[in-house]
Amino acid sequence: MKAKLGMSPIAWWNDDLAELSDDVSLEECLRQSRSAGFTGMEMGRRFPNDPAVMLPILKAVDVTLCGGWFSGTLVDEEMSKNKDRIQPMIDLFKAVNAPCIVYGEVGRSIQGDRSKPLATKPKLSSDEMKAYGRRLTEFGEWCAEQGMPLSYHHHMAAVVETEPELDAFMRHSGEGIPLLLDAGHLAFAGGDVLRAIDNHHKRISHVHVKDVRMAVIDKLDRTKQSFLDAVALGAFTVPGDGSLDFGAIVQRFADHGYEGWFVVEAEQDPKKNPPLKMAQVGHKELMRVMTAAGYTVETQGFPNA
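Going by the UniProt record's numbering, the sequence shown opens with residue 1, and the numbers climb by one from there.
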């Protein structure tokens with residue numbers, strides 16, 4: 001079985017908390033990640049939107065674009081507006097041969113609002129979830145028809161956060177909307193990561209290997225503290241530095257025959273947790289557990305390097 005290891009630039013620059021950002025260029029971010037062994041990087045705010053500009057930057061450091069976040073609003077906003085907003089991203093991702101666009105629902109979400117405690121997260125009624133699942137399926141099918149598949153990201157403080165919410169979303173949506181399984185977000189939400197892999201492996205197309213510090217999460221007052229408060233306190237980290245057993249998690253993916261990207265997305269304070277050092281820790285741990293699970297990790301980044 002083959003696997004690829006990528007990172008998210010959120011370890012270097014945080015889009016929601018500017019104070020949790022290193023003053024490093026895109027090129028330096030890519031160099032650091034590649035030097036740690038990662039061959040892919042998901043898109044962040046310092047990436048150019050022109051493939052003619054992006055491709056030479058990626059090629060120079062032997063890194064491929066392995067995904068990127070789209071802020072979807074289908075829970076409230078009409079389909080046509082989301083299609084209009086995602087079309088330039090589809091065109092860009094096709095031009096640089098990215099594997100997928102990560103769909104993150106921000107409609108009603110409180111994930112970017114530090115004034116909103118975790119306990120006030122939005123919840124969908126059964127009928128709303130059914131309708132939402134249908135809309136996402138239709139949208140995912142449309143994106144795939146344009147040549148770029150989506151992968152749905154369940155997320156803390158959003159309408160699909162908990163394991164029961166994820167189960168309901170998967171029940172009411174179809175194969176047209178694949179799933180991004182994020183171990184850290186599911187664990188933070190109190191879910192069972194291994195059970196979710198077992199239940200939904202047929203739809204999983206992308207994986208975020210985010211680790212958590214449960215000692216930080218367990219101390220949160222969810223009636224007062226927000227998702228961004230939790231991030232600032234260090235709720236997330238890289239595999240090998242947190243509380244999750246990635247040996248068991250990666251083995252479960254292997255048991256179900258998953259092949260593809262495993263992306264480290266670990267937002268935290270870069271001054272307390274230098275991104276290059278954390279990238280090295282995460283890569284070392286992933287190589288250990290992936291070798292044990294029988295994966296061959298691809299070492300080539302840019303396909304034409």
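A virtual CB, placed ideally from N, CA and C, is assigned to each residue, including glycine.
I want to see whether chain B comes within less than 8 Å of residue i, judged by CB atoms only; does it?
i           : result
residue 277 : Among the protein chains of the structure shown there is no chain B, as only one such chain exists.
Beta-carbon within less than 7 Å of residue i's beta-carbon, same chain only, minus the 5 sequence neighbours each way: which residues are those?
i           : result
residue 335 : The chain is shown from 1 up to 305; residue 335 falls before or after that span and cannot be answered.
residue 305 : Here residue 305 scores only 43 on pLDDT, less than 50, and its place in the model is too uncertain to base an answer on.
residue 75  : 105, 107, 108, 132, 159
residue 10  : 44, 265, 267
residue 92  : 49, 51
residue 71  : 104, 106
Given a cut-off of 8 Å, decide if residue j and residue i are closer than it, judged by their beta-carbon atoms.
i           : j           : result
residue 68  : residue 102 : yes
residue 243 : residue 214 : yes
residue 156 : residue 185 : yes
residue 282 : residue 264 : yes
residue 205 : residue 179 : yes
Excluding sequence positions up to five away, which residues of its chain have a Cβ less than 6 Å from the Cβ of residue i?
i           : result
residue 48  : 54
residue 296 : 2
residue 45  : 15
residue 302 : 58, 59, 62, 64
residue 173 : 133, 136, 137
residue 287 : none
residue 122 : 108, 159
residue 36  : 279, 280, 283
Could you check which residue in the options has the C-alpha nearest to that of residue i?
i           : options            : result
residue 252 : 167, 181, 188      : 181
residue 308 : 231, 57, 39        : Any property of residue 308 remains undetermined from this structure, which presents the chain solely from 1 to 305.
residue 97  : 107, 66, 114       : 66
residue 207 : 74, 85, 100, 91    : 100
residue 183 : 147, 18, 42, 237   : 237
residue 124 : 114, 112, 107      : 107
residue 175 : 186, 166, 291, 203 : 203
residue 89  : 111, 127, 149      : 149
residue 289 : 240, 261, 270      : 240
residue 94  : 72, 258, 143       : 143
residue 110 : 228, 258, 270      : 228
residue 171 : 212, 127, 35       : 127
residue 190 : 163, 177, 37       : 163
How would you label residue i, buried or exposed, when you count the other beta carbons within 10 angstroms and need 16 or more for buried?
i           : result
residue 79  : exposed
residue 226 : buried
residue 4   : buried
residue 145 : exposed
residue 195 : exposed
residue 50  : exposed
residue 211 : buried
Just the Cα atoms here: how many angstroms apart are residue i and residue j?
i           : j           : result
residue 120 : residue 84  : 30 Å
residue 139 : residue 82  : 9 Å
residue 284 : residue 300 : 17 Å
residue 235 : residue 188 : 8 Å
residue 147 : residue 86  : 12 Å
residue 294 : residue 8   : 24 Å
residue 222 : residue 261 : 32 Å
residue 21  : residue 27  : 15 Å
residue 77  : residue 209 : 30 Å
residue 192 : residue 249 : 10 Å
residue 271 : residue 19  : 10 Å
residue 298 : residue 291 : 12 Å
residue 141 : residue 38  : 30 Å
residue 220 : residue 114 : 14 Å
residue 218 : residue 273 : 21 Å
residue 233 : residue 216 : 7 Å
Ignore the nearest five residues each way along the sequence and tell me which others in residue i's own chain have a CB closer than 8 Å to its CB.
i           : result
residue 32  : 12, 24, 275, 276, 279
residue 198 : 252, 256
residue 169 : 129, 132, 133, 136, 152, 154, 160
residue 30  : 41, 57, 58, 61, 63
Mind checking whether the beta-carbon of residue i lies closer than 7 Å to any heavy atom of the ligand FAD?
i           : result
residue 208 : Among the components modelled here there is no ligand, and therefore nothing to report on the ligand FAD.
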